[in-house]
Amino acid sequence: MDRLSGSARLMIVSDLDSTMVDHDDPENLSLLRFNALWEAYYRHDSLLVFSTGRSPTSYKRLRNRKPLLTPDITIMSVGTEITYGESMVPDNSWTQYLNQKWNRDIVIEETAKFPQLTPQSESEQRPHKVSFFVEEVKAMEIMNVLSERLEKCGLDVKIIYSSGIALDILPQGAGKGQALAYLLKNFKVDGKVPINTLVCGDSGNDAELFSIPEVYGVMVSNSQEELLQWYAQNAKNNPNIIHATERCADGIIQAIGNFCLGPNVSPRAIKDFQKCKVDIFSLGHEVVKFYLFYERWRRAEVVSSEQYVQNLKSVFYPLGIFVHPSGVEQPFHQCIDSMTRLYGDKQGHRFRIWVDRVSCAQIGSDTWLVKFDKWELSGDELQCGVTTVLLSLKQAEVPDGFTWVHMHQTWLDGSRARDQTVICF
Ligand code: GLC
Ligand code: MG
């Protein structure tokens with residue numbers, strides 16, 4: 012992980028289904044709250060790790076359906092596959108290591124003798140993971156018999172039961188916890204162990220994460236019985252693990268506050284930035300705050316006041332230009348006028364904006380180049396503009412914010428809006 016030059020301030024290692032992603036929240040509000048918090052205050056010096064039971068195929072499917080951020084590291088197939096960066100470069104040493112005392116063919120052969128085991132779809136069967144569905148009442152006994160039989164065949168496996176339905180068979184050295192231990196070991200070799208690590212989960216395959224030494228842990232409020240039971244039997248006296256009272260991503264935010272790991276109020280939870288000044292110097296926050304305002308303006312969730320428009324104009328350099336992905340260039344103040352006219356046009360509609368991959372480079376004593384992906388969901392249309400903004404510290408007696416000097420946007424590959432009539436941020 013070379014994105015950060017030193018140790019991460021915070022490394023979050025989170026499960027996805029029913030932890031980061033709340034499938035009962037069609038608006039994805041808790042996830043969007045987490046996203047805003049992460050991009051505003053953490054992205055620049057912290058690491059986001061997703062650790063999911065899903066295979067790469069099914070992980071990508073989820074990413075297309077939900078507003079998930081781009082993680083720094085992706086651990087998939089219950090800790091059997093690790094990839095780095097946005098291009099998802101696989102860790103082949105990890106895969107090699109998992110070959111020890113593992114023979115997939117023997118696992119298939121032995122499990123076939125249990126008619127109670129229903130194989131999961133082909134996409135979820137991976138080189139170091141064989142997965143089934145099985146009823147809760149039968150799971151325990153099958154797990155015991157099966158592990159004995161596989162041991163007799165000379166294999167050393169780990170059998171994990173999750174969400175009262177899924178049964179995974181993996182090499183003993185695999186699993187979400189082992190994968191995290193491996194990452195931590197590598198960070199140690201590089202002298203880059205994160206200052207704090209927070210693990211987050213809701214079900215059986217997450218239990219291992221909570222037994223890694225020196226990490227904080229949160230079991231979200233909606234955690235499965237099997238995880239709560241594991242906790243009661245194994246980790247009840249560990250003060251660094253909490254059972255949140257909030258669901259999914261809100262539970263993660265709650266844990267950040269509980270363990271004092273950094274800012275824990277999502278910009279999305281702040282209704283009025285005029286009244287609630289955030290005195291953290293953060294370019295990420297500047298970008299997140301602007302697009303939140305933009306979303307709320309179009310959803311008519313802020314009042315339509317001339318004062319807001321004037322404030323916005325004072326933040327955008329009068330001679331500044333916005334270069335739209337279509338190539339059209341327009342002065343900032345004209346874009347603000349277009350936006351002003353769009354007040355409330357998305358009221359009662361599905362309309363959300365979030366930013367991902369915010370990165371900043373200082374290019375002068377008081378100027379920065381900030382780059383990010385701006386995602387816009389409108390109805391069923393999703394588009395993404397790769398955006399670069401030149402920001403400078405305000406030249407007032409007391410600098411109290413930034414001036415947007417120049418802005419340029421291009422479409423992310425494959426993303427292009429159908430409606431390009433209005434040129435506006
Ligand atoms: C995910 C995977 C599935 C696995 C389950 C529990 O749902 O898709 O294969 O069994 O997680 O680990
Ligand atoms: Mg889960």
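The working numbering numbers the first residue of the sequence shown as 12 and each following residue consecutively.
All C-beta atoms, glycine included, are put in the ideal place defined by N, C-alpha and C.
Keep in mind the model is a prediction, meaning the values are calculated, not measured.
{"Asked": "Nearest-angstrom beta carbon gap, Leu42 and Lys77 [assumed within contact, 8 Å]", "Found": "7 Å"}
{"Asked": "N- and C-terminal bounds of the alpha helix (DSSP H) containing Asn245", "Found": "Glu236 to Asn245"}
{"Asked": "Buried or exposed by the 16-neighbour rule on C-beta atoms within 10 Å, applied to Leu353", "Found": "exposed"}
{"Asked": "Residues near the ligand MG, criterion Cβ-heavy atom distance below 6 Å", "Found": "Asp26, Asp28, Ser29, Thr30, Asp213 and Ser214"}
{"Asked": "Proximity test, Glu340 beta-carbon vs the ligand GLC heavy atom, cut-off 7 Å", "Found": "no"}
{"Asked": "beta-carbon Val314 near the ligand GLC non-hydrogen atom, thresh 7 Å", "Found": "no"}
{"Asked": "Nonlocal neighbours in the same chain, by C-beta distance under 6 Å from Thr378, ignoring five residues either side", "Found": "Ser403"}
{"Asked": "Bridge partner(s) assigned by DSSP for Ile170", "Found": "Ile180"}
{"Asked": "Cβ shell of Leu109 (< 7 Å), same chain only, five flanking positions each side left out", "Found": "Thr91, His139, Pro182, Gly184 and Ala185"}
{"Asked": "Contact between the segment 257-272 and the segment 223-236 (3+ Cβ pairs under 8 Å)", "Found": "yes"}
{"Asked": "Heavy atom of the ligand GLC within 7 Å of Asn216 beta-carbon", "Found": "yes"}
{"Asked": "Endpoints, the beta strand (DSSP E) within which Pro329 is located", "Found": "Phe327 to Val334"}
{"Asked": "Whole-angstrom distance between Asp13 and His34, CA atom to CA atom", "Found": "33 Å"}
{"Asked": "N- and C-terminal bounds of the alpha helix (DSSP H) containing Glu162", "Found": "Glu147 to Lys163"}
{"Asked": "C-beta atoms of Met31 and Leu79 nearer than 8 Å", "Found": "yes"}
{"Asked": "Alpha-carbon to alpha-carbon, Asn39 and Ala51", "Found": "18 Å"}
{"Asked": "In chain order, each alpha helix (DSSP H) run of at least 4 residues that lies wholly inside the segment 74-153", "Found": "103-108 and 115-122"}
{"Asked": "Residue burial classification, Leu330 (beta-carbon count within 10 angstroms, cutoff 16)", "Found": "exposed"}
{"Asked": "Pairwise C-alpha distance: Ile206 and Ala280", "Found": "26 Å"}
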